[in-house]
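>
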Amino acid sequence: MKRKKKKKLALALAIAGCLFLIYICTVMGAASVSLGDINRILLHEVFHIPVSLEGISEGSITIIRDVRLPRVLLGFLTGASLSVCGAGYQGIFKNPMADPFILGISSGAALGAAIGIVLHFSGSIAGLSGTTFLAFAGALLTVLLVYTISRRGKKVPVASLLLSGIAVNQSLSAFMSLIMLFNQQSMDQIMFWTMGSLNGKGWNQVVTILPYVVVGIILLLTSARELDIMLMGEETAIQLGVNVEFVKKKVLVVTSIVTAAVVSATGIIGFVGLLIPHVVRLFTGPGHRVLMPVSLVFGGTFLILCDTVARSAITQEIPVGIITAACGGPFFLYLLRKSRKGGAVQ
């Protein structure tokens, strides 16, 4: 009982700390807006408390309400969803190096976005901009292709999924390179998209991905118990009444849809879904019932911190994907060194 209370207290403190960090990151920015003005804007615009905005310029209100706040919220949703999806992938693949992009989602989304950019597809489909829709469709079609190639009757072998994902990923990357080679005038725009960025994103992107993220995370959290049992081996899980193939398909479909939605809105932000579950697992252990919710909080927090650095470190904004890669690369070199010394990479 005491252990459960400690875990609940730790999670509550983490959530409180995350909310405070969201506030701090909303306060920080290149434009100078006083702390008192920011507090009044947040109380009036977010909590609908009738506080006077007299003396605050319309520009300051717009910066806080329509630029910083949606950007911070989008960063949290993106980091949280990629982290939970990463934990889910690592659970079904039983591979600590698995991440949300392992089945080629990133390459499929990038190819779709590249086609949209080259064709100047500026229309709107299902409430999404042309490029965003093509990125979303490209990601989902890629997962469907990988799943179809890997399927063996009613079963989907994990090893086959991984190998098919790698093969399709490389093939789509080659196609995207060809598109950039023959459309060099669009190369900079395509490259910037693939780096992943929250720059220029607003409430439209938040509202677009919110249903996918909320429903997807709830479905993944409800699979945590089965994933914990599957850690003992698929045969043992079957004997204990777990429908292993159904759980694998459920996690695969949900994580793929959530990741596709997030990537189509923000571009490719790497290492979050790989790094955060690793770090959290060092403290919580492998159990998904704790791992997933804690990864959610820490993943969202990590990404909004990285984005704050990306927009504040130097005059020119850095794509947040570069910051996450800069953090993730050294960490995995550390893990590799640790494993060579005899420690297991969890």
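Take the sequence shown: its letter number 7 is residue 6 in numbering that gives the first Met the number 0, and every next letter is one higher. From the three backbone atoms N, C-alpha and C, an ideal C-beta is built for every residue, glycine too.
1. Comparing C-alpha positions only, which one of Lys200, Leu230, Lys249, Asn203 sits nearest to Thr221?
2. Taking DSSP as the reference, what is the three-state secondary structure of Ser128?
3. Given that a residue counts as buried once 16 or more other Cβ atoms are within 10 Å of its Cβ, and exposed if not, what is Lys7?
4. Terminal residues of the continuous alpha helix (DSSP H) containing Phe191?
5. Just curious, the alpha helix (DSSP H) that Leu239 is in, first and last residue?
6. At which residues does the alpha helix (DSSP H) containing Met175 begin and terminate?
7. Among Phe191, Thr141, Leu76, which residue has its Cα nearest to the Cα of Gly299?
8. Going by the DSSP bridge assignment, what does Arg151 pair with across the sheet?
9. Can you tell me whether His47 is helix, strand or coil according to DSSP?
10. Taking the straight line between their C-alpha atoms, what separation do you get for Tyr22 and Val293?
11. Are the beta-carbon atoms of Ile303 and Leu20 separated by less than 8 Å?
12. Quick check on His287: does DSSP put it in helix, strand or coil?
13. Alpha carbon to alpha carbon, how far is Val261 from Met179? Give it in angstroms, no decimals.
14. Is there contact between the region 166-179 and the region 99-118, where contact requires at least three CB pairs shorter than 8 Å?
15. Which of the three DSSP states is assigned to His277 in this structure?
16. Quick check on DSSP: helix, strand or coil for Val271?
17. Would the beta-carbon of Ser172 fall within 8 Å of that of Val145?
18. Using a 10 Å radius around the Cβ and a threshold of 16 neighbouring Cβ atoms, would you call Asp187 buried or exposed?
19. Taking the Cβ atom as the reference point for each residue, do Ala86 and Ala108 lie within a distance shorter than 8 Å?
20. List the endpoints of the continuous alpha helix (DSSP H) containing Gln89.
21. Using C-beta distances below 7 Å, list every residue in its chain close to Val71, excluding the 5 sequence neighbours before and after it, in chain order.
22. Helix, strand or coil, according to DSSP, for Asn346 in the structure here?
23. Just the C-alpha distance for Val83 and Glu225, rounded to the nearest angstrom, thanks.
24. Please classify Leu160: is it buried, with 16 or more other beta-carbons within 10 angstroms of its beta-carbon, or exposed?
25. Please state whether DSSP places Thr61 in a helix, a strand or coil.
26. Could you give the DSSP three-state label for Asp98: helix, strand or coil?
27. With Met229 and Val246 assumed to form a contact (beta carbons below 8 Å), what rounded beta-carbon distance in angstroms separates them?
28. Using 8 Å as the Cβ pair cut-off and three pairs as the minimum, do the region 199-219 and the region 267-286 touch?
29. Residues in its own chain within less than 7 Å of Val346 by CB, not counting five upstream and five downstream?
30. Using 8 Å as the threshold, is the C-beta distance between Ile256 and Thr193 below it?
31. Quick check on Gly103: does DSSP put it in helix, strand or coil?
32. Leaving out the 5 sequence neighbours to the left and right, which residues in its chain are closer than 6 Å to Ile91 when beta-carbon positions are compared?
33. Check the Cβ-Cβ distances between Ala97 and every residue of chain C, and say whether any is below 8 Å.
34. Tell me which residue opens and which closes the alpha helix (DSSP H) that Glu225 is part of.
35. Look up Ala30 in the DSSP assignment and say whether it is helix, strand or coil.
So, to answer that:
1. Here residue 221 refers to the residue found at position 222 of the sequence shown. For the residues Lys200, Leu230, Lys249, Asn203, the minimum Cα distance to Thr221 belongs to Lys249.
2. The count along the sequence shown starts at 1 and reaches residue 128 at position 129. DSSP places Ser128 in strand when its eight states are reduced to three.
3. Residue 7 sits at position 8 when you count from the first residue of the sequence shown. Exposed, because fewer than 16 other Cβ atoms sit within 10 Å of the Cβ of Lys7.
4. Along the sequence shown, one-based indexing puts residue 191 at 192. Run containing Phe191: 186-194, per the alpha helix (DSSP H) assignment.
5. Your numbering for residue 239 matches position 240 in the sequence shown. First-last for Leu239: undefined, no H or E at that position.
6. Taking the sequence shown and counting its residues from 1, one reaches residue 175 at position 176. 157-181 is the extent of the alpha helix (DSSP H) around Met175.
7. Sequence index remark: in the sequence shown, residue 299 carries index 300 (1-based). Here the closest residue by C-alpha is Leu76.
8. Stepping through the sequence shown from its first residue, residue 151 is reached at position 152. Answer by DSSP bridge pairing, in chain order: Lys154.
9. One-based indexing of the sequence shown puts residue 47 at position 48. Reduced to three states, the DSSP call for His47 is coil.
10. Translated into positions along the sequence shown, residue 22 becomes position 23. Translated into positions along the sequence shown, residue 293 becomes position 294. Straight-line Cα distance between these residues: approximately 20 Å.
11. Against the sequence shown, residue 303 aligns to sequence position 304. Against the sequence shown, residue 20 aligns to sequence position 21. In this structure, Leu20 lies closer than 8 Å to Ile303 by Cβ.
12. For the purposes of this step, residue 287 is taken as residue 288 along the sequence shown, with counting starting at 1. Looking at His287 - three-state DSSP - the assignment turns out to be helix.
13. Numbered from 1 along the sequence shown, position 180 holds the residue referred to as residue 179. Numbered from 1 along the sequence shown, position 262 holds the residue referred to as residue 261. Rounded to whole angstroms, Met179 to Val261 spans 23 Å at the Cα level.
14. yes
15. By one-based count along the sequence shown, residue 277 stands at place 278. Note: His277 maps to helix in three-state DSSP.
16. Counting from one through the sequence shown, the residue named residue 271 turns up at place 272. Reduced to three states, the DSSP call for Val271 is helix.
17. The residue you call residue 172 lines up with position 173 of the sequence shown. The residue you call residue 145 lines up with position 146 of the sequence shown. No, these two residues do not count as a Cβ contact at 8 Å.
18. The residue you call residue 187 lines up with position 188 of the sequence shown. Asp187 should be labelled exposed.
19. As a working note, residue 86 is residue 87 in the sequence shown. As a working note, residue 108 is residue 109 in the sequence shown. The answer is no: Cβ separation not under 8 Å.
20. As a working mapping, residue 89 is identified with position 90 in the sequence shown. Counting along the chain, the alpha helix (DSSP H) containing Gln89 begins and ends at 68-92.
21. Reading the sequence shown from its first residue, position 72 is the one you call residue 71. Counting only Cβ-Cβ distances below 7 Å, and skipping sequence neighbours, we find Ile21, Cys24, Thr25, Ile303.
22. The question about residue 346 has no answer here: the residues shown for the chain are numbered 0 through 345.
23. Taking the first residue of the sequence shown as position 1, residue 83 is located at position 84. Taking the first residue of the sequence shown as position 1, residue 225 is located at position 226. In a straight line, the C-alpha of Val83 is about 15 Å away from that of Glu225.
24. The residue you call residue 160 lines up with position 161 of the sequence shown. It is buried - the Cβ of Leu160 has at least 16 other Cβ atoms within 10 Å.
25. The count along the sequence shown starts at 1 and reaches residue 61 at position 62. Looking at Thr61 - three-state DSSP - the assignment turns out to be helix.
26. Walking along the sequence shown from the start, residue 98 turns up at place 99. Of the three classes helix, strand and coil, the one that applies to Asp98 here is coil, per DSSP.
27. The residue labelled residue 229 in the question sits at position 230 within the sequence shown. The residue labelled residue 246 in the question sits at position 247 within the sequence shown. Confirmed, Cβ separation roughly 7 Å.
28. no
29. Because the chain here runs from 0 to 345, residue 346 falls outside it and cannot be looked at.
30. As a working mapping, residue 256 is identified with position 257 in the sequence shown. As a working mapping, residue 193 is identified with position 194 in the sequence shown. No, Cβ-Cβ distance for Ile256 and Thr193 is not below 8 Å.
31. As a working note, residue 103 is residue 104 in the sequence shown. DSSP places Gly103 in the coil class of the three-state scheme, outside both helix and strand.
32. The residue labelled residue 91 in the question sits at position 92 within the sequence shown. Taken in chain order, the residues that qualify are Lys247, Val250.
33. In summary, chain C is missing from the structure at hand, where a single protein chain is found.
34. Locating residue 225 in the sequence shown gives position 226, where the first residue counts as 1. 223-229 is the extent of the alpha helix (DSSP H) around Glu225.
35. Numbered from its first residue, the sequence shown carries residue 30 at position 31. Look at Ala30 here: in three-state DSSP terms it is coil, with no helix or strand label.
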